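Each residue of the sequence shown is one higher than the one before, counting from 1 in UniProt numbering. Built from N, CA and C at the ideal position, the CB exists for glycine as well. Here the structure is a predicted model, which is why all the values come from computation and not from measurement. Let me begin by presenting the structure, written as structure tokens, before commenting on it.
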Amino acid sequence: MTPVRCPSSAIPASFLVPLAAPHPSSLASCSLEYTTNYCHWFAGFRGRNCEININDCERHMCQNGATCVDGVNTYTCACPPTFTGPYCTEDVDECAVRPTICKNGATCTNTVGGFSCICVNGWTGEVCSENIDDCTASACFNGATCIDRVGSYLCQCTPGKTGLLCHLDDACASNPCHRGSLCDTSPTDGGYICTCPPGYKGVDCTEDIDECKEGLPCEHNGTCVNTPGSFRCNCSKGFTGPRCEININECESNPCHNQGTCLDERGAFRCVCMPGRISLYRHSCLACVVTARYCTTNEHGFPMGHASN
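Next comes the structure, spelled out in structure tokens:
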């Protein structure tokens, strides 16, 4: 039997592949049997004219719910999101691929074909994205309003009530604290607690603190005078400030004249004069005129001191 070429109308060009020897130049092998043409040796196809693609998925090895996609003499496996690999047999570690898949501080744990999130207190849901409404099981009393939080709730009390559950009478409602102090109600027994301002003490902040007896608030021998809620310092000469802590610099007014140098002292000053000048009572620097054994000022004319011989 002499090999012949199948008619082009019988086999589409896309179906034609080279054949091995002894007919390397043939695109398909066409046989005549009982005067009828038929094709053979075309991988992946069957039929008299090789027109039927063989369904390779009939014997596929795709696993874990994968979908087989038929090809020409082969197939591929379309894996679900939780598996990978040629046959979808390799588990995907969602915790590594998507490290933020679990929300709100939850811990991600990989499982075969999936993952699980271990939620922190106050959250729920597959990825811990749903806040648990803690007010559904709250126990707020006396008409209080429940405010949901993450993992807890807050009872907003009506006037006159206090405590974590608004189950106590508010002792601060009667304003027991005085002198501008702050009143807080104990959440355990409903009693009041006064936070006193400086200068006062006592349960109701009505007792004045004598700061002059508490210590020595005035410096540099200043005299302490107690006042309601505070104190006052009467400073000694040469000092000022709320606690007499500031030394007054008497030299700031430049009291020494005629190039004299001013030295500040405690509550006073002293002038150091240039040669030929004299300091009157340690103040100023006046010119000295020598007459006999005394020197007098050329400005006022009264004795200033004894002159040397």
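- Fully enclosed beta strand (DSSP E) runs of no fewer than 3 residues occupy 261 to 265, 268 to 272 and 277 to 280 of the UniProt domain "EGF-like" (247 to 286), in order along the chain.
- Proximity to ILE209 across GLY114, ALA137, TYR200 and TYR192 peaks at TYR200, based on C-alpha coordinates.
- Between the C-alpha atoms of ILE118 and ILE101 there is a straight-line separation of about 12 Å.
- In the DSSP assignment, VAL69 falls within the beta strand (DSSP E) that extends over 67 to 70.
- Counted as a single uninterrupted DSSP element, the beta strand (DSSP E) harbouring ALA78 occupies residues 75 to 78.
- Excluding the 5 residues flanking it on each side, GLY238 has same chain C-beta neighbours closer than 6 Å at ILE248, ARG266 and GLY267, in chain order.
- For CYS224, the uninterrupted beta strand (DSSP E) run begins and ends at 223 to 227, by DSSP.
- The three-state reading of DSSP puts LYS213 in helix, counting H, G and I together.
- Of all alpha-carbon atoms in ARG98, VAL127 and ILE246, the one lying nearest the alpha-carbon of ASN221 is that of ILE246.
- DSSP, reduced to helix, strand and coil, places ARG46 within a strand of the structure shown.
- In this chain, the alpha helix (DSSP H) harbouring CYS95 covers 94 to 97.
- GLY260 counts as buried, since no fewer than 16 other beta carbons sit within 10 angstroms of its beta carbon.
- Per DSSP, reduced to three states, the secondary structure at ARG149 is coil, with no helix or strand assignment.
- Between ASP91 and VAL112, the gap from beta carbon to beta carbon is short of 7 Å.
- Residue pairing by DSSP places GLN63 in no beta bridge whatsoever.
- For ILE118, the enclosing beta strand (DSSP E) begins and ends at 114 to 118.
- Residue environment for LYS213: exposed (fewer than 16 other C-beta atoms within 10 angstroms of its C-beta).
- Taking 7 Å as the cut-off, the Cβ atoms of GLY190 and ASP169 count as close.
- The alpha carbon of ASN258 has as its nearest neighbour, out of LYS103, SER174, ALA144 and SER284, the alpha carbon of SER284.
- Here the alpha carbon of ARG149 sits roughly 51 Å from the alpha carbon of MET61.
- Beta-bridge pairing by DSSP links ASP184 to ILE193.
- According to the DSSP secondary-structure assignment, ASP91 is paired through a beta bridge with PHE83.
- Rounded to whole angstroms, ASP93 and GLY85 show a C-alpha spacing of 13 Å.
- Its Cα nearest to that of GLY71, the residue ARG59 stands out among ASN64, GLN63 and ARG59.
- Taking the Cα positions, GLN63 is about 34 Å away from GLU130.
- DSSP links PHE141 through a beta bridge to no other residue.
- The three-state secondary structure of ASP169, taken from DSSP, is strand.
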